[in-house]
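Residue numbers (our numbering), protein chains in the order written: chain A, 154 to 501; chain B, 154 to 501.
The beta carbon of each residue, even a glycine, is placed where N, CA and C say it ideally should be.
Scroll down for the structure; my scribbles are underneath it.
Protein chains: 2
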Amino acid sequence: MTVTLADVAARAQVSPATVSRVLNGNYPVAATTRERVLRAVDELDYVLNGPASALAAATSDLVGILVNDIADPFFGIMASAIQSEIGGPGGRAGGERLAVVCNTGGSPERELTYLTLLQRQRAAAVVLTGGAVEDEPHASAVAAKLRRLGEAGTRVVLCGRPPAPETSAIALTFDNRGGGRELTEHLIGLGHRRLGYIAGPEERTTTRHRLEGHRAALAAAGIEEDPHWTVHGRYDRRAGYEATLELLRRDPSLTAVVAANDSVALGACAALRESGLRIPEDVSVAGFDDLPFSIDVVPSLTTVRLPLAEAGARAGRIAMGREEPPPGGIATIRGELMVRGSSGTPRT
Amino acid sequence: MTVTLADVAARAQVSPATVSRVLNGNYPVAATTRERVLRAVDELDYVLNGPASALAAATSDLVGILVNDIADPFFGIMASAIQSEIGGPGGRAGGERLAVVCNTGGSPERELTYLTLLQRQRAAAVVLTGGAVEDEPHASAVAAKLRRLGEAGTRVVLCGRPPAPETSAIALTFDNRGGGRELTEHLIGLGHRRLGYIAGPEERTTTRHRLEGHRAALAAAGIEEDPHWTVHGRYDRRAGYEATLELLRRDPSLTAVVAANDSVALGACAALRESGLRIPEDVSVAGFDDLPFSIDVVPSLTTVRLPLAEAGARAGRIAMGREEPPPGGIATIRGELMVRGSSGTPRT
DNA sequence: AGCGTGACAGCAAGCGCTTTCTATACAGGA
DNA sequence: TCCTGTATAGAAAGCGCTTGCTGTCACGCT
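Next up, the structure:
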């Protein structure tokens, strides 16, 4: 039924071993023989059996990319960059790798499930993107998995995610704290004193770090923070919308709203507008990430640009062993404050 | 070094066959034995060897999802929906499947490469999303691959993609032509007579169908189309920006701009604003897809809503054999016109 | 008592490939 | 001419798992 190596060998009048060697190209094969084999492969329309090959060679060409939300461009952009450094006919002959992205939906269980599945497949490398969940049992379960993966020879890279101690994982971490701080400092510099903050889900590292940066800036400016000024929600537009209405309800005198990311900021803008407030005359808004749409909305969004594509590409290269990991296995990537139309001096 | 089935068997004092059966749960095993095996698995921290299992069973639990651009929410939303119907502990015991998304970047070669890779892995199913490339040699190469995949037992589903004749692939197709027509009819109904059109890349089915719908509407209204009113570009914000400037240069009297999709429309809005034109007072703008941000931009975008998540979920279910394919293997999914703030009566 | 019958468990034969080791052939050097 | 070295091809032993088939009991029925 299906064509096997042996069939090709028979047709090319050589042994299966020779066919395998031609296909893998890591052993000398006479030019004429190779030619003959290749022709047979073509004529028979032969396709290598991946599992069999992975089993025999004890390695596979699968590379997994874990993302929290595939529908969010934040992850899409990183995944795309990672993949571009991995997939395609870029390496040694026949060295195509199957770069696949797995959507955890932010669920710890699914994250673990995917890691197990990738471990099963004996993946060549795994890249985890985005913030980690801080729940202790889960965090250590993930760490254990990563350790085991590393021991099995799978290269593990964290992109936009905090380092995983006791693990051989390479980490490219975003300086969320620093970015958050800079952003809020900018707002304070404009004169804002009453700033609402729409944070992401409670247990995420990203959420915590950005919030810490924000609070550090407030503290440095001697502004005492009212706990009512912070609302938690998901990292999406809708959460921003609802959180903003809540914030307005709690304290209508707020002059600025800092959002956990750009999507949230978008929702915040919508809520403010519907409440009859102008941006930035009545209320300033700031986002985080600098996703492509941020410059297009009206007014354009003040935010912190994260070099998602660059970081992803680098993570991809490291995962493929084509770039030296940073010293100590950890690199911190800074964001850049982008001041745009959505932030201005507060109404007096 | 690594723990194998045999190790587990030894520890549980049973044969490897029994362990396998416990793990696959498709053969009666006494409760106490199962219990013992499961304990051994746990103690040894055993992880099944995917390739070995796939080889022996001649099937794998990989499901591939091909997308044109993973950074584009259009695909992200579909992929997410597909995946949610496939991955996770949703099916029979131990029936987790590895749903992976592969980013072709719109390149025909990469599309083919990924299909081959998935064929290699003996994927259980493959879902292709989004428009197809119309280049003849490539189209038939893809059709051949799909046919072969189908013969090998891989279920093939097309989601938001035209049917592939001579193939066993199930197709859930978006009615791009109808949606395009409806959208332009709406604009014509408002009184527009000079409409610019920003189309996607030339050789895509999606591009062609939407454009055909647009032109059909014009023809039906007796409006003769000026070829200068159409500009082609990529499906992204930047292309929309540039195309709009070009359109304005060619004919400043245009009163409406119809974009190939929402991202393009966003770019168009930016270009119009920078050119000092108000939306919709001076120029109306329309998009396509109704991505989440479309309702948030100012003014909110008139567009055609495509049920991306629903279609993706359905495709996922069909791919898993959990839903009957549509009669004839083809279903057409209609879009819904969403009239919002970006379209109005033309200036007089 | 004898035996059919379930209900489990084990044996062993692969699944299709990679890779080590061995065989062959020819070339050149002594 | 014989021997050694080099290049290339083949034989065969698995890789770790699944599964058809073959036991082996313990029952319960006639």
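Go to residue i, then tell me how far its alpha helix (DSSP H) extends in each direction, as first and last residue.
i	result
B:I351	Here B:I351 belongs to no alpha helix (DSSP H); instead the beta strand (DSSP E) covers 348-352.
B:F227	226-239
B:T266	261-273
B:L425	415-427
B:V190	184-197
B:L398	390-403
List the residues of chain A that residue i touches, going by C-beta distances under 7 Å, in chain order.
i	result
B:S495	Per Cβ cutoff of 7 Å: no residues; B:S495 is ~12 Å from chain A at best.
B:A205	L208
B:S213	P204
Thinking C-alpha only, which one of the options is nearest residue i?
i	options	result
B:T337	B:M491, B:N177, B:Q166, B:T171	B:M491
A:A424	A:D442, A:I239, A:P405	A:P405
A:A252	A:A232, A:E262, A:E427	A:A232
B:G203	A:Q236, A:I448, A:L268, A:V172	A:L268
A:A484	A:T266, A:L158, A:G465	A:G465
B:A409	B:T498, B:V172, B:S260	B:T498
A:N221	A:G178, A:E476, A:V280	A:V280
A:E287	A:G331, A:D195, A:P316, A:V457	A:P316
A:S149	A:S173, A:A184, A:R500	Past the boundaries of the shown model lies residue 149 of chain A; chain A is included only from 154 to 501, so the question cannot be answered.
B:H367	B:A412, B:R391, B:T266	B:A412
A:S321	A:T155, A:P479, A:E489	A:P479
B:R391	B:I230, B:A352, B:H345	B:A352
A:G386	A:V310, A:S206, A:G333, A:T359	A:T359
B:G494	B:A276, B:L444, B:V451	B:V451
B:L197	B:A159, B:G333, B:D214	B:A159
Going along chain A, which residues have a C-beta under 8 Å from residue i?
i	result
B:I223	I223, G229, A232, S233, Q236, V254
B:E378	Within 8 Å Cβ-Cβ: nothing; B:E378 doesn't reach chain A, min ~28 Å.
B:T155	A305
B:P226	A224, D225, P226, G229
Chain B partners of residue i, CB-CB under 9 Å?
i	result
A:V450	L419, F446, D449, V450, V451
So which residues of chain B does residue i contact, with C-beta pairs closer than 8 Å?
i	result
A:N202	L208, R273, R275
State the start and end residues of the unbroken beta strand (DSSP E) segment that holds residue i.
i	result
A:S437	437-439
A:T326	323-327
A:I486	483-486
A:A374	No beta strand (DSSP E) holds A:A374; DSSP gives it neither H nor E.
B:D278	The displayed chain sequence assigns Ala, not Asp, to residue 278 of chain B. It spans 278-282 - the beta strand (DSSP E) in which B:A278 sits, taken as one unbroken run.
A:N177	Careful: A:N177 lies outside any beta strand (DSSP E), inside the alpha helix (DSSP H) at 169-177.
A:T383	383-385
B:A409	409-412
Which bits of chain B does residue i rub up against, with CB to CB less than 7 Å?
i	result
A:E249	T266, L270
Going by DSSP, name the residue or residues bridged to residue i.
i	result
B:G312	Looking at the sequence shown, residue 312 of chain B is not Gly but Cys. DSSP output for B:C312 lists B:T282, B:L325 as bridge partner(s).
B:I341	Per DSSP, none; premise fails for B:I341.
A:V156	Looking at the DSSP assignment, A:V156 forms no beta bridge with any residue, so it has no partner.
A:R357	A:V286
B:R458	B:D442, B:E489
A:V216	A:A252, A:A278
B:V200	Looking at the DSSP assignment, B:V200 forms no beta bridge with any residue, so it has no partner.
Taking C-beta pairs closer than 9 Å, name the residues in chain A that residue i reaches, listed in chain order.
i	result
B:A424	Neighbours of B:A424 on chain A: none; closest Cβ ~10 Å, over 9 Å.
B:S437	In chain order: nothing, as chain A lies at least about 16 Å away.
Q: Identify each residue in the region 381-414 of chain A for which the Cβ-Cβ distance to at least one residue of chain B is less than 7 Å, and report them in chain order.
A: R390
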